[in-house]
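Participant: Provided herewith is a single structure, encoded as structure tokens, for subsequent inquiry.
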């Protein structure tokens, strides 16, 4: 079974530009989440999509947006890039509805897209 | 406000000994916790999870303990191996909300010395 695929793996942009990152979840998984990892900050939740709907959103400015397609693939977009947006952006997929007592809440991560803003 | 805290940025342990990684949380609504391991240039990989109805979960060399009253969980690795050297993240969630929103700690870098 193929894992979570993220493209591109590395990219360099300049301030003010915009970027789109792509994520293909594990086949059959309907939930896709996005996280930002920066040194010293751990992984910070950006948003989660389920069946093409944004189900939850973290505390990031409106410059960060995302969407999910009918085949569960997801994209995230960052507009008007700032130096502080340099980070590893991680996508994670999950089957669907987490249930406490069945321990089905595992996230499966891709290798990430490393964005450098100059 | 950091709702999930890993107060030790790094830990060094001798091969064969026990590694204990700690994690504290502040939100009493959290009832599902996971541990992830991350190597450089790779995405995090799932290690072990525990829900609030348990106080211990084991999987091979890995055991997670949950103390709900103290809002504290720990990951024990016994025996530690050089291949365990990585950054370990704990994460917490409230699955009753029906979503996969996880709050991660800042990570602990484990170094297992041969």
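Chains as they are written, first to last, in our numbering: chain P, 1 to 118; chain H, 1001 to 1114.
Glycine is no exception: its CB is placed at the ideal position from the N, C-alpha and C atoms.
#1: Consider the Cβ of residue 1042(H): report whether some Cβ of chain P lies at a distance smaller than 8 Å.
#2: Going by beta-carbon coordinates alone, are residue 89(P) and residue 113(P) separated by less than 8 Å?
#3: Using Cβ-Cβ distances below 8 Å, what residues of the stretch 1010–1025 of chain H are close to chain P?
#4: Would you list, in sequence order, the uninterrupted alpha helix (DSSP H) runs of no fewer than 4 residues that lie entirely inside the stretch 1022–1086 of chain H?
#5: Contact criterion: CB-CB distance below 8 Å. Does residue 59(P) meet it with respect to chain H?
#6: With a threshold of 8 Å between beta-carbons, can residue 45(P) be considered close to chain H, or not?
#7: Looking only at DSSP bridge pairs, what is residue 15(P) linked to?
#8: Just checking: is the beta-carbon of residue 41(P) within a distance shorter than 8 Å of some beta-carbon in chain A?
#9: In the stretch 1027–1051 of chain H, which residues sit with their C-beta less than 9 Å from some C-beta in chain P, listed in chain order?
#10: For chain P, is any of its Cβ atoms less than 8 Å away from the one on residue 1062(H)?
#11: Given a cut-off of 8 Å, decide if residue 92(P) and residue 69(P) are closer than it, judged by their beta-carbon atoms.
#12: From the DSSP output, in three-state form, read off residue 107(P) for me.
#13: Measure from the alpha carbon of residue 1011(H) to the alpha carbon of each residue in 1043(H), 1067(H) and 1088(H), then state which is nearest.
#14: Would you say residue 1101(H) lies against chain P (beta-carbon separation less than 8 Å)?
#15: At what residues does the beta strand (DSSP E) containing residue 57(P) begin and finish?
#16: Chain H partners of residue 28(P), CB-CB under 7 Å?
#17: Please specify which runs of the alpha helix (DSSP H), each continuous and at least 4 residues long, are wholly inside the stretch 45–92 of chain P, giving them in chain order.
#18: Quick one: does residue 62(P) have its CB under 8 Å from some CB of chain H?
#19: Consider the Cβ of residue 1104(H): report whether some Cβ of chain P lies at a distance smaller than 8 Å.
Facilitator: For this structure:
#1: Mapped onto the second chain, residue 1042(H) falls at position 42. Residue-level contact by beta carbon holds for residue 1042(H) and chain P, with a gap shorter than 8 Å.
#2: Within the first chain, numbered from 1, the residue matching residue 89(P) stands at position 89. Within the first chain, numbered from 1, the residue matching residue 113(P) stands at position 113. Closer than 8 Å, so yes.
#3: Of all residues in the stretch 1010–1025 of chain H, none has a Cβ within less than 8 Å of some Cβ in chain P.
#4: For the alpha helix (DSSP H) assignment, the stretch 1022–1086 of chain H encloses no uninterrupted run of at least 4 residues.
#5: The sequence position of residue 59(P) within the first chain is 59, counting from 1. Under the Cβ criterion of 8 Å, residue 59(P) is not counted among the residues facing chain H.
#6: Mapped onto the first chain, residue 45(P) falls at position 45. By this cut-off, residue 45(P) is an interface position.
#7: Locating residue 15(P) in the first chain gives position 15, counting from the first residue. Bridge partners of residue 15(P): none, in fact.
#8: No chain A appears in the structure shown, which is made up of the protein chains P and H.
#9: Identification of residues in the stretch 1027–1051 of chain H having a C-beta nearer than 9 Å to some C-beta of chain P yields 1031, 1032, 1034, 1036, 1038, 1041, 1042, 1043, 1044, 1045, 1046, 1049, 1050 and 1051, given in sequence order.
#10: Translated into positions along the second chain, residue 1062(H) becomes position 62. No - not a single Cβ of chain P is within 8 Å of the one on residue 1062(H).
#11: Here residue 69(P) refers to the residue found at position 69 of the first chain. Here residue 92(P) refers to the residue found at position 92 of the first chain. For residue 69(P) and residue 92(P), no; Cβs fall outside 8 Å.
#12: As a working mapping, residue 107(P) is identified with position 107 in the first chain. Three-state DSSP puts residue 107(P) in coil, outside helix and strand.
#13: Start at 1 with the first residue of the second chain, and residue 1011(H) comes out as number 11. Per the Cα distances, 1088(H).
#14: The count along the second chain starts at 1 and reaches residue 1101(H) at position 101. Yes, contact with chain P.
#15: Working through the first chain from its first residue, we reach residue 57(P) at position 57. For residue 57(P), the enclosing beta strand (DSSP E) stretches over residues 53–57.
#16: Numbered from its first residue, the first chain carries residue 28(P) at position 28. Result: empty, since nearest Cβ-Cβ is about 15 Å, beyond 7 Å.
#17: Entirely contained in the stretch 45–92 of chain P, not one alpha helix (DSSP H) run reaches 4 residues.
#18: Locating residue 62(P) in the first chain gives position 62, where the first residue counts as 1. It does not: the Cβ of residue 62(P) has no partner Cβ on chain H nearer than 8 Å.
#19: Here residue 1104(H) refers to the residue found at position 104 of the second chain. It does: the Cβ of residue 1104(H) has a partner Cβ on chain P nearer than 8 Å.
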